[in-house]
Amino acid sequence: MTSLNPVGVALFVAVALWLARMWFREAKENPQGGGGLPGASSCPARAVAVAVAGTLVLLGLEVWGEIRLGIAEEQKDVSWLALPLFVAAAFTEEVIFRGYLVVERRGNAARWASIVAFSLIFALMHDHLWSFEMPDDRSAGTFAAIREGFSLNLSAKGFFSTGFIFAGALWFYFVRFFRWNPHASLLAPVAAHLAKNVVVFFVKLAQGHVTSWI
Numbered sequence: 038m039t040s041l042n043p044v045g046v047a048l049f050v051a052v053a054l055w056l057a058r059m060w061f062r063e064a065k066e067n068p069q070g071g072g073g074l075p076g077a078s079s080c081p082a083r084a085v086a087v088a089v090a091g092t093l094v095l096l097g098l099e100v101w102g103e104i105r106l107g108i109a110e111e112q113k114d115v116s117w118l119a120l121p122l123f124v125a126a127a128f129t130e131e132v133i134f135r136g137y138l139v140v141e142r143r144g145n146a147a148r149w150a151s152i153v154a155f156s157l158i159f160a161l162m163h164d165h166l167w168s169f170e171m172p173d174d175r176s177a178g179t180f181a182a183i184r185e186g187f188s189l190n191l192s193a194k195g196f197f198s199t200g201f202i203f204a205g206a207l208w209f210y211f212v213r214f215f216r217w218n219p220h221a222s223l224l225a226p227v228a229a230h231l232a233k234n235v236v237v238f239f240v241k242l243a244q245g246h247v248t249s250w251i
């Protein structure tokens, strides 16, 4: 388990709170959207409910699949400090990916092509299929050290987890743009992502993978 820096986590949470404050203020002032921040608009409660329910179904399938495949014990350990990080990441990742990283105003084909592409990037950014640790010896140069520190992890657990992250990312995009969310508000995917991250943490806790405070 990699230890988290409490100061770094606090700064990240502070930035997320500041961004969320601006986003909610803009959504209140412009409920139909069109302001400076993406997806800052009103969202029907049923869209939020569907978004959360769908992501919990996906998460349930993932947890069940890990147990059936015997790979649940291969998941990473975390600390309690990861919980505020998970909560803050739910908002910031949605603003960046489902907010900014999507092609709009060029037709549905371009939009959904970008959604698939950015969902794949989002999934691959999570280090389930790879790992990196900078070696202490950098005498051969920085790039050589980076090559040495990078390794692939082409395991069943790696592909399984990456696949579910990809499916979850597609779902987050879908609930931003489906017809029950007429103003393409980010509130639906943010709520879904938040629910997923919080439940993931407590599943880890129940399975013995929350191993320290920091």
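Just so you know, the sequence shown maps onto residues 38 to 251 in my numbering. Glycine residues also receive a C-beta, built at the ideal position from the N, C-alpha and C atoms. Here the structure is a predicted model, which means the values were calculated and not measured.
Asked: Three or more C-beta pairs below 8 Å linking the segment 121 to 138 and the segment 42 to 54; Found: yes
Asked: Between the CA atoms of A204 and W101 - distance to the nearest angstrom; Found: 16 Å
Asked: Nearest-angstrom Cβ-Cβ length linking R213 and R135, presumed shorter than 8 Å; Found: 5 Å
Asked: Inside the segment 65 to 97 only - alpha helix (DSSP H) runs reaching at least 4 residues; Found: none
Asked: CB-CB length for K241 against Q112, believed under 8 Å; Found: 7 Å
Asked: Close Cβ partners of H246 (< 8 Å) along its chain, the five nearest in sequence each way excluded; Found: Q112, K113, D114 and V115
Asked: Proximity winner among L231, G76 and C80, relative to Y137 (alpha-carbon distances); Found: G76
Asked: Nearest-angstrom beta carbon gap, V132 and I152 [assumed within contact, 8 Å]; Found: Not confirmed; about 16 Å, so no contact.
Asked: Nearest-angstrom beta carbon gap, S78 and A64 [assumed within contact, 8 Å]; Found: 6 Å
Asked: Option nearest G31 by Cα separation, candidates L223, L161 and A232; Found: Residue coverage of the chain in this structure runs from 38 to 251, which leaves residue 31 outside it and unanswerable.
Asked: N- and C-terminal bounds of the alpha helix (DSSP H) containing F201; Found: A193 to F214
Asked: W167 in three-state terms, based on DSSP; Found: strand
Asked: S188 classed as buried or exposed, judged by whether at least 16 other C-beta atoms fall within 10 angstroms; Found: exposed
Asked: Identity of the residue in A182, E185, E141 and E66 nearest A221 by Cα; Found: E141
Asked: Cross-strand partners of L118 (DSSP beta bridge); Found: According to DSSP, L118 bridges with nothing at all.
Asked: CA-to-CA distance, R83 to W217, given in whole angstroms; Found: 7 Å
Asked: 8 Å contact criterion, which V236 and L96 should meet: CB distance rounded; Found: 6 Å
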